[in-house]
Amino acid sequence: MGIIPLCFKAGENTETLGLIGHERYSIDLPSNASEIRPGQDVTVATDNGKSFTCTLRFDTEVELTYFDHGGILQYVIRNLISRQSLNQLQVD
Numbered sequence: 004m005g006i007i008p009l010c011f012k013a014g015e016n017t018e019t020l021g022l023i024g025h026e027r028y029s030i031d032l033p034s035n036a037s038e039i040r041p042g043q044d045v046t047v048a049t050d051n052g053k054s055f056t057c058t059l060r061f062d063t064e065v066e067l068t069y070f071d072h073g074g075i076l077q078y079v080i081r082n083l084i085s086r087q088s089l090n091q092l093q094v095d
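Residues in the sequence shown are numbered from 4 upward in steps of one, following our numbering.
Structure follows, in structure tokens:
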């Protein structure tokens with residue numbers, strides 16, 4: 004998986020939510036990556052029981068594609084491998 008960019012809701016921040024930076028977070032995402040949408044709200048839960056809502060900051064479908072591939076580097080590598088495989092088939 005790639006990095007999930009999140010944005011606090013208006014009026015919320017680490018201080019108002021009592022977050023100190025040592026928490027572990029669980030983010031409630033759809034099990035199928037194709038169901039994730041730009042700007043979607045998600046529930047975030049901490050290991051100490053706090054829960055709050057954030058907005059996903061995937062602003063475009065391209066960003067979601069990169070995330071689904073585990074990041075832009077993995078996306079590029081997979082595309083290169085796919086093209087090389089296709090070129091090999093055409094040459095053979």
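In this text, a Cβ means the ideal position worked out from N, Cα and C, and glycines have one as well.
The structure displayed is predicted, hence computed values, not measured ones.
6 Å Cβ shell around residue i - same chain, five flanking residues per side excluded
{"i": "Asp44", "result": "Thr56, Thr58"}
{"i": "Asp62", "result": "Pro41"}
{"i": "Ala48", "result": "Ser29, Ser54"}
Own chain, CB closer than 7 Å to residue i, minus 5 neighbours either side, in chain order
{"i": "Pro33", "result": "Ile39"}
{"i": "Thr46", "result": "Asp31, Ser54, Thr56"}
{"i": "Asp50", "result": "Glu26, Arg27"}
{"i": "Phe11", "result": "Cys57"}
Residues bridged to residue i (per DSSP)
{"i": "Ala13", "result": "The partner list for Ala13 (beta bridge, DSSP) is empty, contrary to what the question assumes."}
{"i": "Phe55", "result": "Val47"}
{"i": "Tyr28", "result": "Thr49"}
Cβ neighbours of residue i in the same chain (closer than 8 Å, five flanking residues each side left out)
{"i": "Lys53", "result": "Leu20, Gly21, Leu22, Glu26"}
Burial state of residue i, where buried means 16 or more other Cβ atoms lie within 10 Å
{"i": "Leu83", "result": "exposed"}
{"i": "Leu67", "result": "buried"}
For residue j and residue i, believed in contact at Cβ under 8 Å, the rounded distance
{"i": "Arg81", "j": "His72", "result": "6 Å"}
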